[in-house]
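With full-length UniProt numbering, letter number 154 in the sequence shown gets 154, and the count goes up by one each step, no holes. All C-beta atoms in this analysis are idealised placements derived from N, C-alpha and C, irrespective of residue type, glycine included. The structure displayed is predicted, hence computed values, not measured ones. Structure, as structure tokens:
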Amino acid sequence: MEIDFNLHKTNSSYFSDVDIARTHLLCTLFSTGIEQMRGGTAAITGSKAPLFGIALGAVSCSFKKELKPYETYELWTRILSWDSKWIFVVTHFVRKDSVTPRRFSLYPEQNNECADDHDSKLPQDSIVASALSRCVFKQGRKTISPEFMLKASGLLPDEILADKKELVRCSATMKGEEAQAHLNMILDEKVKMTTTENVELERRRGMKVANALAVQSQQALETEFSGDEEALGKHTDGTGISGIVSTLCQLAHLRKSQTL
């Protein structure tokens with residue numbers, strides 16, 4: 001573990017951990033869509049080797065508690081939300097074994113490690129730090145929408161047309177298997193509608209949190225910069241022999257710029 005002079009995990013190392021966790025998650029969830037976009041066996045781009053990747057647009061991390069040297073921890077990463085261009089990924093740093101998932105969907109054989117009874121304490125109490133990443137799918141210079149990738153990877157329910165006609169009710173003439181088949185069709189449509197609505201509600205809820213990294217917030221932050229204001233001074237980095245020489249020159253007032 002990288003530590004700083006306060007003898008805890010250095011803040012900069014959190015971002016490296018987030019990069020790894022985010023890459024693992026996106027490559028796992030979107031493996032089918034990525035295979036198609038990169039020209040796999042089910043390619044849909046018409047190109048043998050399309051240049052496709054996931055670019056990081058922004059990342060932020062807030063620190064809640066410290067991690068001491070060699071203290072073990074886990075990264076819990078998931079999709080928070082998405083819009084027409086960006087997909088937002090949240091990563092929580094938690095102390096190892098402080099919380100356990102209800103079940104594992106990718107590795108069912110690990111379900112025996114899940115706890116039957118969860119602790120009464122809030123899971124948020126185990127959080128050490130939280131990071132939010134804003135990413136975009138790119139095929140060359142072309143942006144691929146998150147919704148497209150979600151559907152290509154089988155992660156969204158089938159889209160329901162807005163102008164879909166209302167289902168015809170079971171008539172008195174329907175009996176036996178015919179009536180049951182019609183009823184099953186109605187139930188399937190209700191389940192699909194409920195699932196789709198829940199996905200959209202969760203996406204909108206996540207966007208309220210993700211707005212901190214939205215493009216509008218970034219643009220507002222950029223307007224705070226002005227290059228013609230008064231400044232304290234100018235410092236340049238210096239290390240090794242050159243840094244020592246530069247520092248001596250500063251002390252002798254032989255240099256105007258400051259080297260740190």
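Distance check for residue j and residue i, CA to CA, integer angstroms please.
| i | j | result |
| --- | --- | --- |
| residue 29 | residue 129 | 23 angstroms |
| residue 206 | residue 196 | 15 angstroms |
| residue 31 | residue 231 | 49 angstroms |
| residue 26 | residue 139 | 16 angstroms |
| residue 160 | residue 199 | Caution is warranted here: a pLDDT of 38 is assigned to residue 160, below 50, making its placement in the model unreliable, and the coordinate value is therefore given only provisionally. One C-alpha to the other measures close to 13 angstroms. |
| residue 16 | residue 75 | 12 angstroms |
| residue 10 | residue 67 | 9 angstroms |
| residue 148 | residue 136 | 12 angstroms |
| residue 62 | residue 93 | 10 angstroms |
| residue 123 | residue 131 | 16 angstroms |
| residue 51 | residue 38 | 7 angstroms |
| residue 229 | residue 14 | 33 angstroms |
| residue 171 | residue 155 | A caution first: residue 171 carries a pLDDT of 41, below 50, which makes its placement in the model unreliable, though a value can still be read off. Computed Cα separation, rounded: 36 angstroms. |
| residue 112 | residue 98 | 17 angstroms |
| residue 224 | residue 60 | 18 angstroms |
| residue 84 | residue 203 | 12 angstroms |
| residue 216 | residue 227 | 21 angstroms |
| residue 24 | residue 54 | 12 angstroms |
| residue 19 | residue 56 | 9 angstroms |
| residue 36 | residue 144 | 12 angstroms |
| residue 8 | residue 2 | 8 angstroms |
| residue 110 | residue 243 | 53 angstroms |
| residue 108 | residue 5 | 42 angstroms |
| residue 106 | residue 125 | 26 angstroms |
| residue 104 | residue 250 | 60 angstroms |
| residue 167 | residue 221 | Note that residue 167 has pLDDT 40, beneath the 50 cutoff, so the model's placement of it is unreliable and the number below is only indicative. Taking the straight line joining both Cα atoms gives about 50 angstroms. |
| residue 142 | residue 102 | 39 angstroms |
Between residue i and residue j, is the Cβ-Cβ spacing less than 7 angstroms?
| i | j | result |
| --- | --- | --- |
| residue 86 | residue 134 | yes |
| residue 100 | residue 77 | no |
| residue 210 | residue 88 | yes |
| residue 96 | residue 73 | yes |
| residue 82 | residue 146 | yes |
| residue 33 | residue 153 | yes |
| residue 64 | residue 127 | yes |
| residue 58 | residue 213 | yes |
Counting C-beta neighbours from all protein chains within 10 Å, is the total for residue i 16 or more, i.e. buried, or is it exposed?
| i | result |
| --- | --- |
| residue 248 | exposed |
| residue 219 | exposed |
| residue 245 | exposed |
| residue 79 | buried |
| residue 150 | buried |
| residue 12 | exposed |
What are the partner residues of residue i, as DSSP defines its beta bridges?
| i | result |
| --- | --- |
| residue 56 | 135 |
| residue 142 | 139 |
| residue 3 | 9 |
**Request:** Only counting runs of 3 or more residues, tell me where the beta strand (DSSP E) segments fall wholly within the stretch 59 to 135, in order along the chain.
**Result:** 73 to 82, 87 to 95
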